[in-house]
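Read in order, the letters of the sequence shown are residues 1 to 361 in full-length UniProt numbering. Using N, Cα and C, we set each Cβ at its ideal position, and we do this for glycine too. Report on one structure; see the data block that follows.
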Amino acid sequence: MAVARMNMNCSIQSSLSCILKPSYFFNFKTTQFKNRLYFPQNHLISSKRSLLCTCSGNFQAGEKAEPFVITTPLYYVNAPPHMGSAYSTIAADAIARFQRLLGKRVILITGTDEHGEKIATAASACGSSPREHCDVISQAYKMLWKDLDIAYDKFIRTTDPKHEAIVEEFYFRVLAKNDIYRADYEGLYCVNCEEYKDEKELLENNCCPTHLKPCVPRKEDNYFFALSKYQKPLEEILEQNPDFVQPSYRLNEVQGWIKNGLRDFSISRAAVEWGIPVPTDNKQTIYVWFDALLGYISALLEDKEQISLQSAVSSGWPASLHLIGKDILRFHAVYWPAMLMSAGLSLPKMVFGHGFLTKVL
Ligand SMILES: [Zn+2]
Numbered sequence: 001m002a003v004a005r006m007n008m009n010c011s012i013q014s015s016l017s018c019i020l021k022p023s024y025f026f027n028f029k030t031t032q033f034k035n036r037l038y039f040p041q042n043h044l045i046s047s048k049r050s051l052l053c054t055c056s057g058n059f060q061a062g063e064k065a066e067p068f069v070i071t072t073p074l075y076y077v078n079a080p081p082h083m084g085s086a087y088s089t090i091a092a093d094a095i096a097r098f099q100r101l102l103g104k105r106v107i108l109i110t111g112t113d114e115h116g117e118k119i120a121t122a123a124s125a126c127g128s129s130p131r132e133h134c135d136v137i138s139q140a141y142k143m144l145w146k147d148l149d150i151a152y153d154k155f156i157r158t159t160d161p162k163h164e165a166i167v168e169e170f171y172f173r174v175l176a177k178n179d180i181y182r183a184d185y186e187g188l189y190c191v192n193c194e195e196y197k198d199e200k201e202l203l204e205n206n207c208c209p210t211h212l213k214p215c216v217p218r219k220e221d222n223y224f225f226a227l228s229k230y231q232k233p234l235e236e237i238l239e240q241n242p243d244f245v246q247p248s249y250r251l252n253e254v255q256g257w258i259k260n261g262l263r264d265f266s267i268s269r270a271a272v273e274w275g276i277p278v279p280t281d282n283k284q285t286i287y288v289w290f291d292a293l294l295g296y297i298s299a300l301l302e303d304k305e306q307i308s309l310q311s312a313v314s315s316g317w318p319a320s321l322h323l324i325g326k327d328i329l330r331f332h333a334v335y336w337p338a339m340l341m342s343a344g345l346s347l348p349k350m351v352f353g354h355g356f357l358t359k360v361l
């Protein structure tokens, strides 16, 4: 059994490193693919379903066997789907199909991240309400996944009431652990990242290294998560489980961040209305990442199931693999494991950060 497990892990890793080379996927010009993204439904894929098994119910292992749970990022709906979202999702779909062929019960989770300042701004720029905007973009993702024949099992929207209930329960668990406190914060804020930045990370003129736009000074009182308490446990986890972050050069990056010292991060916003209210203070909303990451758990809830963290967890948590782009590595490999530890939940087994299509690393 142990040997079989090891072989399976090896095959996941080798297939990941092979699949996640952009050249493996797209040996046609990117412009051709871009056009495909906007082709009308049913134009791209013939009506025949894939030759590979796409049915997660059709597996040889026992129904009660631990499922292989793989997630794509939950895509931020400030803009329509693009090549990068298709890249992660096609890769996740290929891995899910491979696992199904091995006889595993697979749960492929995808979805949309729908709260935050950027979404409200994008909606008002098109003259629509945030909810209308989210409905339209979320639907565009679903249509694209249909056109690309993505066999996902769960599609979670972070505006779904069941997700909001899970976030609320999670918040109370972390609060009970004394890991949430209120404090004033003043710093340089990148609206596009929706986070305060450390001045050391910024480029000239206080520009965000990801968005290349100047960060703005902002001051507000927020609720904070005591990330610094988890510095030592995180260091130990990464040392004992070197496969937790893949590929290995991303693990080095994560270990570097932790070694530089973890600072508590703010998990609420006072000036953002489009979000889940902080359960203990309705003048504030929950920071978009403290909300969205929970989508990987709330997605597991069955439709008629009781809405609780416990039921969601018993449906398949922890995830076997979070497949993400390298730009969101810090949230998945540092913030998320610390949040889970605080709430007394298991950690995902692996976080794989792939590069961008335009740059292999
Ligand atoms: Zn930024």
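task: Any chance you could list the residues with Cβ under 5 Å from a heavy atom of ligand 1, keeping chain order?
output: C190, N192, C193, C208, T210 and H211
field: Range of the contiguous beta strand (DSSP E) that encloses T285
entry: D281 to I286
Residue burial classification, R250 (beta-carbon count within 10 angstroms, cutoff 16): buried
task: Taking C215 as the reference, give the member of D221, N205 and Y223 with the closest Cα.
output: N205
query: What is the rounded straight-line gap between the Cα of L357 and the Cα of G84?
result: 7 Å
- request: Decide if H332 is buried, meaning its Cβ has at least 16 other Cβ atoms within 10 Å, or exposed.
  value: buried
- request: Say whether the region 237-247 touches the region 194-202, bearing in mind that this needs 3 or more beta-carbon pairs closer than 8 Å, one atom from each stretch.
  value: no
Boundaries (first-last residue) of the beta strand (DSSP E) holding I184: The sequence given here has Asp at residue 184, not Ile. Taken as a continuous stretch (DSSP letters only), the beta strand (DSSP E) holding D184 covers I180 to C190.
Best match in P337, Y296, I107 and A120 for proximity to D135 [C-alpha to C-alpha]: A120
- request: Taking A292 and T158 to be in contact with their CB atoms under 8 Å, please state how far apart those CB atoms are, rounded to whole angstroms.
  value: 5 Å
message: Under 8 Å, with one C-beta from each stretch per pair, do the region 100-117 and the region 146-153 reach the 3-pair mark?
response: yes
field: F244 (DSSP reduced to helix, strand or coil)
entry: coil
message: On a Cα-Cα basis, can you pick out the residue from L294, P279 and G355 that is closest to A343?
response: L294
message: Mapping the DSSP letters down to three states, classify F170 as helix, strand or coil.
response: helix
message: Going by DSSP in three states, residue 362 sits in which element: helix, strand or coil?
response: Within the shown structure, residues of the chain are numbered from 1 to 361, placing residue 362 beyond reach of any answer.
Cβ pair I180, S298 closer than 8 Å: no
field: Sequence-distant residues of the same chain with beta carbon closer than 7 Å to I328, five excluded per side
entry: P73
task: Determine, using beta carbons only, whether Y223 and S266 come nearer to each other than 8 Å.
output: yes
message: Rounded to the nearest angstrom, what separates K219 and A65 at their Cα positions?
response: 50 Å
Nearest-angstrom Cα separation, counted from Q246 out to M350: 7 Å
query: Which two residues bound the contiguous beta strand (DSSP E) that contains D153?
result: Taken as a continuous stretch (DSSP letters only), D153 belongs to no beta strand (DSSP E), as it is neither H nor E.
- prompt: Quick one: Cα of P130 to Cα of K118, how far?
  reply: 10 Å
task: On a CA-only basis, which of L203, L345, I90 and K154 is nearest L309? Give me that one, please.
output: L345
- request: Just mark P233 as buried or exposed, buried being the case when its beta carbon has 16 or more other beta carbons within 10 Å.
  value: exposed
Simplified DSSP state of H354, which is helix, strand or coil: strand
query: Do A123 and H115 have their C-beta atoms within less than 8 Å of each other?
result: no
- prompt: Any idea if Q306 is buried or exposed, counting beta-carbon neighbours within 10 angstroms, 16 or more meaning buried?
  reply: exposed
- prompt: N252: buried (16+ other C-beta within 10 angstroms of its C-beta) or exposed?
  reply: exposed
field: Beta-carbon spacing of L323, A92 below 8 Å
entry: yes
message: Spatial neighbours of L188 within its chain, please: C-beta separation below 8 Å, excluding the five flanking residues on both sides.
response: Y196, K197, E199, L202, N206, C215, V216, P217 and R218
task: Assuming F290 and F225 form a contact by the criterion Cβ under 8 Å, report the distance between their Cβ atoms to the nearest whole angstrom.
output: 7 Å
field: Length of the line joining the Cα atoms of S248 and H82
entry: 27 Å
message: Taking the beta carbon of L101 as the centre, do at least 16 other beta carbons fall within 10 Å, making it buried, or is it exposed?
response: exposed
task: Tell whether a beta-carbon distance below 8 Å holds between R173 and W257.
output: no
task: For K177, collect the residues of the same chain with a Cβ closer than 7 Å to its Cβ; drop the 5 residues on either side in sequence, then sort them by chain order.
output: S342
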